[in-house]
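Residue numbers (full-length UniProt numbering): 1 to 351.
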């Protein structure tokens, strides 16, 4: 499925697309390149330019060594540039490094109009590939400004990669004044102090505040979205909350509690870790795209559920085989299930 490049508003289609790119970022370089370029005809990615960035093992290590293990790629075609940051493969590698004093944005980025402070570790994570080891900043600017091209710029990342994507977006806006079409992060931690967060959200970018171009996706009890703790750090952008069923909704304490209880009933002690998985985000967004494209799918599901509920109420505790009305309802359920399958099959052709 290709992204919708004609909107700067949130799009489930784009969320699915960029979440899929975030998952690819976890692959080894050559495998990621093959998925982005080699299979573009089959997968619909359509990229013909690919640049891989890796803070190599020779990099100077500090207390942020796991954060500095940055990997990312920049891919481009005639229509867009996609900058995608990989998250950390093991949460324990960097969770203990989150209680770090923030650093002044204006000083760190050499951007006089930047305000507030940024988490030092996340900022250094971007430093490790920004103007060294391939010079990500230069690659992005060259692709964006290439003569004869009119490419739109998108930035994405999962987990730690979401924080790095946010720093990259801030730098490209504050320092290079590039127009950003959209930022999609999934399961991102906080990284700005309150002043920097407010400054980022209100920063005008091609006539639109960055808050309205930045979509911070959060899946129910995703544990990483809760750290570092406020009030020292705050989230930025527009929150896109996925409830315990995977539907886009308004975040609520009750829904998160119900999600936690559902996980416990399934024998899962820490649902926040499962909720953080790229696969879970992709699965939910894919379902949301299908539901949006085919409204009849929701109607069919509702019909099916109603039929099953009525069947249970009217048949039990009688024997099913002796209940004629139950048999009729069973036929209705079977018919509706077939309808759901057919609708889903048609909708899935886009993937």
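All residues carry an ideal CB built from backbone N, CA and C; glycine is no exception.
Checklist entry - Roughly how many whole angstroms lie between the Cα atoms of residue 122 and residue 342? => result 46 Å
Next on the checklist: On the DSSP letters alone, give me the boundaries of the beta strand (DSSP E) that residue 292 sits inside.
Outcome noted: From DSSP, residue 292 is part of no beta strand (DSSP E) but of the alpha helix (DSSP H) over 278-293.
Next on the checklist: Comparing C-alpha positions only, which one of 173, 216 and 200 sits nearest to residue 206?
Outcome noted: 173
Checklist entry - For residue 1, does the three-state DSSP call read helix, strand or coil? => result coil
Item to check | Neighbourhood of residue 197 by C-beta distance below 6 Å, restricted to the same chain and skipping five residues each side | outcome: 234 and 236
Checklist entry - In angstroms, rounded to a whole number, what distance separates the CA positions of residue 57 and residue 169? => result Because residue 57 carries a pLDDT of 46, less than 50, the predicted location of this residue cannot be relied on, and the following value inherits that uncertainty. Between residue 57 and residue 169, the C-alpha separation is close to 26 Å.
Item to check | Residue closest to residue 100, alpha-carbon to alpha-carbon, out of 193, 277, 216 and 73 | outcome: 193
Checklist entry - Whose C-beta lies closer than 6 Å to the C-beta of residue 179 among residues of the same chain, with five residues either side of it excluded? => result 206
Item to check | Given residue 232 as reference, the closest of 199, 11 and 117 once Cα atoms are compared | outcome: 117
Checklist entry - Taking the alpha-carbon positions, what's the residue 31 to residue 50 distance? => result 12 Å
Checklist entry - Per DSSP, residue 184 is paired with what? => result 156 and 215
Checklist entry - With burial defined as no fewer than 16 other Cβ atoms inside 10 Å of the residue's Cβ, what is the status of residue 150: buried or exposed? => result exposed
Checklist entry - Where residue 157 and residue 338 are concerned, what is the direct C-alpha to C-alpha distance, given to the nearest angstrom? => result 38 Å
Checklist entry - Is the beta carbon of residue 289 less than 8 Å from the beta carbon of residue 108? => result no
Item to check | Neighbourhood of residue 35 by C-beta distance below 6 Å, restricted to the same chain and skipping five residues each side | outcome: 24
Checklist entry - Short check: CB of residue 222 to CB of residue 276, under 8 Å? => result yes
Checklist entry - Using DSSP with H/G/I as helix, E/B as strand and the rest coil, what is residue 245? => result coil
Next on the checklist: Rounded to the nearest angstrom, what separates residue 215 and residue 85 at their Cα positions?
Outcome noted: 15 Å
Checklist entry - Under three-state DSSP, which class holds residue 65? => result With a pLDDT of only 48 at residue 65, under 50, the local geometry of the prediction cannot be trusted, and the value read off the model is given with reservation. Residue state, collapsed to three classes: coil.
Checklist entry - How big is the Cα-Cα spacing for residue 163 and residue 154? => result 15 Å
Next on the checklist: Just verifying my parser: in three-state terms, what is the DSSP assignment at residue 54?
Outcome noted: strand
Next on the checklist: Tell me the rounded alpha-carbon separation between residue 213 and residue 133.
Outcome noted: 29 Å
Checklist entry - Near residue 111, what residues of its chain come up, given a Cβ to Cβ distance below 8 Å and the 5 sequence neighbours on each side ignored? => result 105, 171, 174 and 175
Item to check | Three-state secondary structure (DSSP) of residue 234 | outcome: strand
Next on the checklist: Please state whether the Cβ-Cβ distance between residue 37 and residue 48 is less than 8 Å.
Outcome noted: yes
Checklist entry - residue 240 by DSSP, collapsed to three states: which one? => result strand
Checklist entry - With 16 other CB atoms within 10 Å as the buried threshold, where does residue 113 fall? => result exposed
Item to check | CB contact flag (residue 240, residue 16, <8 Å) | outcome: no
Item to check | Spatial distance of residue 147 from residue 27 (CA atoms) | outcome: 32 Å
Item to check | Buried or exposed (CB count within 10 angstroms, at least 16 for buried), residue 229 | outcome: exposed
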